[in-house]
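Accompanying notes for the structure given below.
Residue numbers (full-length UniProt numbering): 1 to 362.
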């Protein structure tokens with residue numbers, strides 16, 4: 001009776017306190033780990049097959065990579081990395097995922113910068129096992145994968161290089177929350193206009209020679225399909241841009257924007273990649289868009305030849321003035337352009353008298 005009434009409740013309370021302390025200590029350790037490492041990764045499982053995009057036949061290349069990374073070799077690498085305490089064990093697989101993705105990109109492209117110190121650390125530790133690393137390179141690529149300084153320190157145009165990296169990355173792999181945690185925000189800079197022009201203009205063989213470095217059947221197969229996909233995206237956006245101009249004239253921009261956004265939203269996996277490419281092309285006011293808009297702006301201007309007959313505006317801006325004395329153009333270009341008592345932010349090859357132009361060059 002004494003045991004039931006007194007001893008058992010005391011034992012129960014003691015066990016409850018002990019359990020609470022265990023949970024509390026685990027929470028403290030988790031918080032300490034988060035503070036130490038600075039990143040809390042999602043609890044989702046690591047993406048299967050490296051989270052590759054469909055329709056590029058990347059699965060065979062991923063399989064070749066996985067078979068080349070022998071378990072004994074990679075276990076030794078993991079132990080060295082964890083002893084260095086730069087990466088927490090709970091995070092290791094996420095950084096290893098990004099290193100594998102990096103190797104996939106390196107098997108396709110000529111130059112792939114390394115943008116994360118911890119991913120680079122795993123790569124560096126792999127190099128410490130010289131023979132195993134050489135074997136890995138030969139079996140995966142048929143050649144040695146040479147280690148370069150991380151974060152693209154020797155790049156002349158880092159923003160353009162980063163944009164190209166992000167674009168190809170998003171074509172090959174899904175971009176998730178963990179991607180942002182490791183690499184930072186994506187799609188901050190437009191793709192270099194020269195790259196866009198070359199993708200559109202050069203042949204498949206020329207592009208393979210210029211940007212790609214495929215030495216195996218699997219890598220070559222992916223490269224060819226990727227080039228075809230890039231070319232198609234650019235053609236589709238150029239075609240759609242021309243249709244946007246026609247629709248703007250016929251229906252007005254508000255209606256078109258809703259339809260355009262709805263159309264792109266239906267392409268869940270490609271939405272951000274398409275938007276990024278679209279943004280890059282329009283950022284540089286590319287020749288295709290200029291050519292598509294030139295005629296329609298001339299039509300608009302001719303509607304009011306008595307008041308604004310010499311004005312020509314290119315790009316996204318438009319001239320909506322009713323009199324030359326109160327015209328406002330964000331961008332005005334063309335030969336023999338006259339800005340008389342007007343406000344132009346940019347006037348090239350023009351004559352500006354009594355005007356307000358932030359940039360006038362003749």
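Just so it is clear, CB atoms sit at the ideal spot from N, CA and C, and this is done for glycine as well.
Remember, it's a predicted structure, so these values are computed and weren't measured experimentally.
Nearest candidate by alpha-carbon position, reference residue i, set the options
i: residue 228; options: 182, 145, 202, 216; result: 202
i: residue 39; options: 180, 188, 206, 83; result: 180
i: residue 130; options: 77, 230, 193; result: 77
i: residue 280; options: 67, 234, 270; result: 234
i: residue 156; options: 192, 133, 172; result: 192
i: residue 47; options: 55, 95, 145; result: 95
i: residue 117; options: 125, 73, 111; result: 125
i: residue 123; options: 198, 109, 99; result: 99
i: residue 210; options: 169, 165, 237, 110; result: 110
i: residue 141; options: 103, 132, 173; result: 103
i: residue 147; options: 237, 136, 127, 53; result: 127
i: residue 138; options: 56, 55, 215; result: 215
i: residue 97; options: 173, 143, 144; result: 173
i: residue 115; options: 143, 169, 49; result: 169
i: residue 132; options: 206, 278, 236, 75; result: 75
Extent of the continuous alpha helix (DSSP H) to which residue i belongs
i: residue 210; result: 204-211
i: residue 86; result: First-last for residue 86: undefined, no H or E at that position.
i: residue 137; result: 130-140
i: residue 401; result: In the structure as shown, the chain starts at 1 and stops at 362, and residue 401 therefore has no counterpart that could be examined.
i: residue 39; result: Segment: none, residue 39 is in no alpha helix (DSSP H) and carries neither H nor E.
i: residue 61; result: 59-68
Separation of residue j from residue i, as counted between CA atoms
i: residue 45; j: residue 243; result: 43 Å
i: residue 162; j: residue 189; result: 8 Å
i: residue 283; j: residue 223; result: 27 Å
i: residue 429; j: residue 186; result: The structure shown does not extend to residue 429, since the chain is modelled only from 1 to 362, so the question has no answer here.
i: residue 51; j: residue 276; result: 20 Å
i: residue 120; j: residue 167; result: 20 Å
i: residue 82; j: residue 183; result: 21 Å
i: residue 221; j: residue 106; result: 15 Å
i: residue 171; j: residue 241; result: 22 Å
i: residue 257; j: residue 232; result: At residue 257 the pLDDT is 40, less than 50, meaning the model places this residue with poor confidence and gives no usable figure here.
i: residue 72; j: residue 134; result: 15 Å
i: residue 91; j: residue 42; result: 10 Å
i: residue 218; j: residue 60; result: 6 Å
i: residue 225; j: residue 164; result: 17 Å
i: residue 70; j: residue 175; result: 27 Å
i: residue 89; j: residue 230; result: 38 Å
i: residue 199; j: residue 58; result: 21 Å
i: residue 271; j: residue 87; result: 33 Å
i: residue 33; j: residue 208; result: With a pLDDT of only 40 at residue 33, under the threshold of 50, the placement of this residue in the model should not be trusted; the figure read from the coordinates follows. Cα to Cα, the separation comes out at about 45 Å.
i: residue 274; j: residue 113; result: 23 Å
i: residue 196; j: residue 212; result: 15 Å
i: residue 93; j: residue 56; result: 25 Å
i: residue 239; j: residue 62; result: 34 Å
i: residue 101; j: residue 80; result: 21 Å
i: residue 64; j: residue 178; result: 24 Å
i: residue 236; j: residue 205; result: 21 Å
i: residue 67; j: residue 278; result: 38 Å
i: residue 331; j: residue 54; result: Residue confidence for residue 331 is low, a pLDDT of 38 falling below 50, so the modelled location carries little weight; the figure read from the coordinates is stated next. C-alpha separation (whole angstroms): 41 Å.
i: residue 84; j: residue 108; result: 31 Å
i: residue 145; j: residue 136; result: 9 Å
i: residue 194; j: residue 49; result: 33 Å
For residue i: DSSP bridge partner residues
i: residue 173; result: 52
i: residue 109; result: 212
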